[in-house]
Amino acid sequence: MPFNQPPPQLGDQYQQDRVLRTYLRRALPEAVLAAIEPELENMGRLAGGELYQAQLADRLNEPRHTPWDAWGNRVDLIEVTPLWQRAEQLAAKSGLIAAAYERAHGRYSRIHQFALVYLFTPSTDVYSCPLAMTDGAARILATCDNKALAERALPRLTDRNPDTFWTSGQWMTESTGGSDVGISETVAKRAQGQGANRAWRLYGRKWFTSAATSQMALTLARPEDNPAGGKGLALFYLETRDAGGALNNITVHRLKDKLGTRKVPTAELTLDGTFAEPLAGLDNGVRNIAPMLNITRTWNSVSAVSYMRRGLALAADYASRRVAFGAPLSQKALHVETLAGLQAEYEAGFHLVFAVVELLGREEAGEADEAQLNLLRLLTPVAKLMTGKQSVAVLSEITESFGGAGYVEDTGIPYLLRDAQVFPIWEGTTNVLSLDVLRVVASGRVLETLEVEAETLASAVREPELLDCVRQAQNALTHAAKWLEGVQAEVLEAGARAFAMTIGRATALLLMARHAQWLLDHDGDRRGCYSALIFCRHGVDMINEDVVHTHARGLMEDHSH
-12 MPFNQPPPQL
-2 GDQYQQDRVL
8 RTYLRRALPE
18 AVLAAIEPEL
28 ENMGRLAGGE
38 LYQAQLADRL
48 NEPRHTPWDA
58 WGNRVDLIEV
68 TPLWQRAEQL
78 AAKSGLIAAA
88 YERAHGRYSR
98 IHQFALVYLF
108 TPSTDVYSCP
118 LAMTDGAARI
128 LATCDNKALA
138 ERALPRLTDR
148 NPDTFWTSGQ
158 WMTESTGGSD
168 VGISETVAKR
178 AQGQGANRAW
188 RLYGRKWFTS
198 AATSQMALTL
208 ARPEDNPAGG
218 KGLALFYLET
228 RDAGGALNNI
238 TVHRLKDKLG
248 TRKVPTAELT
258 LDGTFAEPLA
268 GLDNGVRNIA
278 PMLNITRTWN
288 SVSAVSYMRR
298 GLALAADYAS
308 RRVAFGAPLS
318 QKALHVETLA
328 GLQAEYEAGF
338 HLVFAVVELL
348 GREEAGEADE
358 AQLNLLRLLT
368 PVAKLMTGKQ
378 SVAVLSEITE
388 SFGGAGYVED
398 TGIPYLLRDA
408 QVFPIWEGTT
418 NVLSLDVLRV
428 VASGRVLETL
438 EVEAETLASA
448 VREPELLDCV
458 RQAQNALTHA
468 AKWLEGVQAE
478 VLEAGARAFA
488 MTIGRATALL
498 LMARHAQWLL
508 DHDGDRRGCY
518 SALIFCRHGV
528 DMINEDVVHT
538 HARGLMEDHS
548 H
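And the structure:
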C-alpha cells in the first residue's frame, strides 16, 4: 500500500488551549469562571469537532445572489452557505451578542463574550463579521438618546432566539473611499407625508457592504444642504426589508469576488429612495458611529488572535504526525524553534487583545476611571493594527510549515491565510490606525497614563529573566515618548506605524511578563516565561531614528508620475 500522510486533527479547543484557560483563571473571580466554564467547554468541543467537520464539508460552498425570480421580478435574494446558517443559529443560542448586554457578570461580561467568540470564530468562516457589526450597532442603540429605535431594534440584536435574532450591517464604504468617509456621496432627502419613522429617503451607492443579509443597517448619508466633510454626514438607521419581505428600495448589483472571507456575502448595492431614520441628529455622523468602530475593531482583534491559535493547533498536531528524515517534525530542533516563535507572537497578541476586552468591560460597567478610559482609547487601535499584521505573518509561516500540503486547497489550510489578510484591512488599515494612535496621543496625557500602567505591570514581576523583558519594554516606551517630542510633522506621520507598533509590542510584553510571573507563582509553569523571552528576542522597539523620510520619498519619486 502507498503511504498516505495522516491529516492534522483538532481536539477540544477549550481544554487544549493553555493560554486561554490560564488567562481566565487569573482574570476572573472563581465564581464567574465556574458559571461560564460549561459554556466554554461546550463551545470548545463544537469548535474542534462537529463545527470543524462541517466547515471542511462546506469548503466549496459560497453565498449566492439571485437578482430575478422566474417571472422577471427583481428579488435580489442572497443565500448563505449551510455552515453560515448553522453559525447564525449557534451564535444566537450561545449569546455571542447577548452576553455582553445581559451583563450577568458585570465588568467580566465582555471577557465571557469574547472568550466564546474566540473559540467560535475559526470554525465558522468569519461569521464573526456580521456579529461584530451587530454588536457595534447594539452598543450605539444602547447608548443613544433615540429611545424609540432602541426599543425596536436592541431587543432583536441581543436576542437568544434564532427565529427573532437580528444582525446589523455597517454601510460606510463607497467608491470614493473606505477610510475617508467624509467624501461619501450618499444623500438623504426628506420624504413628504411618510410618517415620523419613514421621514427620510437615502440615495447613493455603497461599494462594500459586508452584512448584506442583515435585517437592519447603520449607514452614513449627507442630508440635503449639509456642508461637505465628515461633520456634514448624519448617522441613519434603516431596515433592509419591509413588513412584506420586499427590499427597502435597495438594489444588489453583485457579490464581491474577494481574496478571502469568501463565505461573507459582501455586496455592492444602491440605495434608491431607501426609507431611513436619523439615529443621532442630522450631523456629526462620523463621530456618532465611532463607538461602533471601537467595538468592531475589538472583534477584528479577537478574530485575528483566534485564527493564529487555530493555525498553531493544526500545525502542532501535524508536527507530531509528519515523519521526515527519520523523526517526527516535533522532534526537529529548527521546526520546534519556528513554531515556538509563532506561538510567542500569538500569545503576545492574545494578552494585548484581552487587556482591551477587560478595559471595555470596565467602561460599560461604569467602573473605569479616566486613566483606564484613556488606555482603552489608545490600545483599541493599537491592538487591532498589531494583531492584524501578526495574523498574516504567523499564518503565512503556518501554511509553510505543512510544506506542499499547506498549499493544497482541500487540506483546509489555505483558507486560514486568505482570510487572515482581511484583518489588517477591515475597520481601518494599519496606516490609518497608526494615524489614529497619534491623534489619541495628542489629545491628552495618554502616554503618561501608559507609563503608569507599565510601572504597575512591572511591579508584579520578580523573576530575573522576566525583569530583563520588563526593562526592554519600558525602555521602548520611554524611547517612543522621547521620539514624539519635537519631531517634524512629516517625519511624525512617516514614523506613525513604527511608533504604534512599539506601543503595542512593549505593552504586550509587559502583559506577558505579568502573566508569566502569575503562572510561576501558581503552577510552577515556566512556559509563560519562555514565550515572553522569545517574543522579546523578536524585537520590541520598532522606531529607527536613522531612517530619514526624505530617503523614502526619493526612492518612490519614479512611481509618483
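Everything in the sequence shown is counted per our numbering, starting at -12 for the first residue and increasing by one. Where a beta carbon is used, it is the ideal one built from N, C-alpha and C, also for glycine. On a predicted model such as this, the values are computed, not experimentally measured, just so you know.
Same chain, Cβ closer than 6 Å to residue i, five either side skipped, listed in chain order
i	result
Ile127	Pro278 and Met279
Gln377	Glu332 and Gly336
Ser317	Ala306 and Ser307
Arg249	Glu49
Gly260	Arg188 and Asn236
Ser166	Val419
Ser288	Val340, Ala370, Lys371 and Thr374
Gln0	Gly31, Ala34, Gly35 and Leu106
Ser197	Cys116, Val251 and Thr253
Trp194	Thr160, Glu161, Ser162 and Glu255
Val62	Asp56
Range of the contiguous beta strand (DSSP E) that encloses residue i
i	result
Lys371	Where Lys371 is concerned, there is no enclosing beta strand (DSSP E), although the alpha helix (DSSP H) it sits in stretches over Glu357 to Ser388.
His240	Ile237 to Leu242
Ala176	Reading off the sequence, residue 176 comes out as Lys, not Ala. Note, Lys176: beta strand (DSSP E), Val174 to Arg177.
CB-CB length for residue i against residue j, believed under 8 Å
i	j	result
Arg241	Glu255	5 Å
Ala447	Ile530	Their Cβ separation, rounded to whole angstroms, is 26 Å, which puts Ala447 and Ile530 out of contact at 8 Å.
Ala342	Leu360	At roughly 14 Å, the Cβ-Cβ gap does not stay under 8 Å, so Ala342 and Leu360 are not in contact.
Phe152	Arg143	7 Å
Cys516	Glu450	6 Å
Leu382	Gly298	5 Å
Pro252	Val113	Between Val113 and Pro252 the Cβ distance is about 11 Å, and since that is not below 8 Å, they are no contact.
Glu345	Ser518	Incorrect: roughly 20 Å between the Cβ atoms, too far for contact.
Ala355	Arg90	Between Arg90 and Ala355 the Cβ distance is about 14 Å, and since that is not below 8 Å, they are no contact.
Leu329	Glu387	No, Leu329 and Glu387 are not in contact; Cβ-Cβ is about 10 Å, not under 8 Å.
Thr416	Ser290	The Cβ separation is near 16 Å, so there is no contact.
Ala87	Arg97	6 Å
Same chain, Cβ closer than 7 Å to residue i, neighbours up to 5 away in sequence not counted
i	result
Asn184	With a pLDDT of only 49 at Asn184, under 50, the local geometry of the prediction cannot be trusted, and the value read off the model is given with reservation. Excluding sequence neighbours, Asn184 sits near Glu264.
Gly(-2)	Gly35
Ala445	Val457, Gln461 and Leu497
Arg177	Ala186 and Trp187
Ser110	Ala34, Leu38, Tyr39 and Gln42
Leu20	Leu11 and Arg12
Ile84	Leu118, Thr121, Asp122, Ala125, Leu144 and Thr145
Tyr95	Leu15, Val19 and Gly348
Pro69	Asp45 and Asn48
Glu452	Cys516 and Leu520
Arg192	Glu161, Ser162 and Thr257
Sequence-distant residues of the same chain with beta carbon closer than 8 Å to residue i, five excluded per side
i	result
Gln408	Leu246, Gly247 and Val379
Ala102	Leu7, Leu11, Ile23 and Leu27
Ser201	Pro117, Met120, Thr121, Trp153, Thr154, Ser155, Gly156 and Thr227
N- and C-terminal bounds of the alpha helix (DSSP H) containing residue i
i	result
Asp406	Pro401 to Ala407
Glu442	Val433 to Ser446
Ile276	Gly272 to Arg308
Phe223	From DSSP, Phe223 is part of no alpha helix (DSSP H) but of the beta strand (DSSP E) over Ala221 to Glu226.
Met120	Ser115 to Thr130
Lys469	Pro451 to Leu471
Phe(-10)	It is not in any alpha helix (DSSP H) - Phe(-10) carries neither H nor E in the DSSP assignment.
Trp505	Ala483 to Asp510
Phe101	Ser96 to Phe107
Ser201	No alpha helix (DSSP H) contains Ser201, which DSSP labels as neither H nor E.
Asp45	Careful: Asp45 lies outside any alpha helix (DSSP H) and carries neither H nor E.
Asn418	Thr417 to Ala429
Leu27	Glu17 to Gly35
Ser518	Arg514 to His525
Leu339	Ala320 to Glu351
Beta-bridge partners of residue i, as assigned by DSSP
i	result
Gly191	Leu258
His52	Ile65
Thr206	Trp158 and Phe223
Glu264	Tyr224
Leu234	Arg228
Thr196	Ala254
Pro315	Val310
Secondary structure, beta strand (DSSP E): runs of 3+ residues fully inside the segment 135 to 170: 155 to 158
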